[in-house]
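Reviewing the structure listed below.
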Amino acid sequence: MGKGVEKRARLNRSLLDRKASFRRRLLTWYRREARELSFRGETDPYKVWVSEIILQQTRVDQGVPYINRFLKSFATVGRLARADLDDVLKLWEGLGYYTRARNLHKAAKKVVNEMEGRLPSTAEQWERLPGVGRYTAGAISSIALGEKVPALDGNVKRVLARLLDLDSNIDDGPTERRLWEVMGHLVQGRAPGDFNQAMMELGARVCKPKSPLCHACPVKCDCRAHAEGTVFERPVRTKKRAVPHHEIVVAAVKKNGRYLLGKRPPSGLLGGLWEFPGGKLERGESHEAALIRELKEELGIAIQPGGLVATVNHAYTHFRITLNVYRCRHVSGTPRAIAHTEVKWVRPSDFDRLAFPKANLKFLHLL
DNA sequence: AATTCGGGGAT
DNA sequence: ATCCCAGAATT
């Protein structure tokens, strides 16, 4: 065994050896200082499930209104299973990562049709549902069922990287496995759900990425990075590379008071959402030429581009776009769903019944 | 092990 | 502008 491994093992033991007092101080802080959130204290597994899916890669403040609206519309797994996917996506509109909505809906139907309407009773069973990975399974089962299983999210990874003063990349496989292992030891005790939530709350409120509030930390005496003065160097992560930029043209084709819309394929980017048709400019191509080409390729129609309605900038995870919206006249051809699963002419008064990508919502009100 | 999936708030 | 969020699925 190398010296690095030996040292790491010794430092990890120091936290785990004081596990009981660590848990006690963290939980005391949590019960006094935790934010009052609508989903906090909820032990209905279905409601915890919906909440955890919505909160994946999503700030609590951003997710809470969506959780409330979703549970109002679909109060039980049966109601969700019977719903149309289009209505589920409409409630998800603007939240992003729409695969979550599709998987949640698929999982609800699975519970009703293949599991006699009974939700899983262990983390291991939860993880077999689509959209439920190790984190979500651990969160649901510890919070709603009291199972002593860890929940390692982005907050907890950062908290542990500082507590243990880890100098390895917290996103690499071996380090992540080690963090799951440590959380697995720490969560053993009463109220595992509160413990998991307390670790996340600490990361969100005190052990923040940029400006950690160590003076307010209930467990700073257990923190290796605090003792070593390396808090600002932890955690170690790989930097993300710059994302490419794409120039996009979009056609607002109006006929008899209705606009031509397409429904995106059920998987992939923005899957299942409705959009104004268009696409990326090719090298050296004009906006007008791109509009004519895209509408021919994707809908099989000829159009005549008119005036520019709006220019919208929007950032995705792996690229960003400038979206140019043009009024267009329909010249010939019946629109067909070539790149879409469905195309139709829609009155503006019916726009609010469909789910659109955020980039489309930014110019919808101008039409 | 890398990449693909949105959108927004903090810095 | 950059980082990162109560991550999971796919390649």
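Residue numbers (the numbering used here): 1088 to 1454.
Cβ atoms here follow ideal geometry from the backbone N, Cα and C, with glycine treated the same way.
| Query | Result |
| --- | --- |
| Where L1395 falls: helix, strand or coil (DSSP) | strand |
| Per-residue DSSP class, three states only, for R1345 | strand |
| Backbone CA spacing between N1447 and L1167 [nearest angstrom] | 27 Å |
| Proximal residues to T1262 (C-beta, below 8 Å), its chain only, five neighbours per side dropped | L1253, S1255 and N1256 |
| Nearest-angstrom Cβ-Cβ length linking L1176 and Y1185, presumed shorter than 8 Å | 6 Å |
| Pairwise C-alpha distance: R1205 and H1374 | 54 Å |
| Simplified DSSP assignment, three categories, for V1198 | helix |
| Beta-carbon spacing of P1353, T1428 below 8 Å | yes |
| Supposed contact pair L1300 and V1269 - C-beta distance, whole angstroms, cut 8 Å | The pair is not a contact, with the Cβ atoms about 23 Å apart (cut-off 8 Å). |
| Length of the line joining the Cα atoms of E1129 and Q1149 | 19 Å |
| Buried versus exposed call for N1411 [16 or more other C-beta atoms within 10 Å across all chains shown] | buried |
| Reduced DSSP category for T1409 - H, G, I as helix; E, B as strand; rest coil | strand |
| For G1183 and V1336, the rounded distance between their alpha carbons | 22 Å |
| Cα-Cα separation, T1119 to R1127 | Note that residue 1119 corresponds to Arg in the displayed sequence, not to Thr. R1119 and R1127: Cα-Cα distance of roughly 14 Å. |
| Cβ contact check for the region 1340-1356 and the region 1309-1323: 3 or more pairs under 8 Å | no |
| Residue range of the alpha helix (DSSP H) that includes K1383 | H1374 to L1386 |
| Distance, W1116 Cα to D1309 Cα | 15 Å |
| Residue from A1377, P1392, G1276 and L1368 with nearest C-alpha to H1333 | L1368 |
| Rounded separation between W1213 and D1131 - CA only | 14 Å |
| Residues that DSSP places opposite I1390 in a beta bridge | H1417 |
| Environment of L1453 [buried if 16+ CB atoms lie within 10 Å] | exposed |
| G1225 - containing alpha helix (DSSP H), residue span | R1221 to L1232 |
| CB of W1179 within 8 Å of CB of A1188, strictly | yes |
| Where L1395 falls, given that 16 or more other Cβ within 10 Å makes a residue buried | exposed |
| Close Cβ partners of V1340 (< 7 Å) along its chain, the five nearest in sequence each way excluded | Y1346, L1347, I1390, C1415 and H1417 |
| Environment of G1089 [buried if 16+ CB atoms lie within 10 Å] | Only weak support exists for where G1089 lies, its pLDDT of 37 falling under 50; the value from the coordinates is given anyway. Looking at its Cβ environment, which holds fewer than 16 other Cβ atoms inside 10 Å, G1089 is exposed. |
| Contacting residues, own chain, Cβ-Cβ under 6 Å from H1401 (five flanking each side not counted) | I1408 and A1446 |
| With 16 other Cβ atoms within 10 Å as the buried cut-off, status of I1075 | Outside the shown range of the chain (1088 to 1454) lies residue 1075, about which nothing can therefore be said. |
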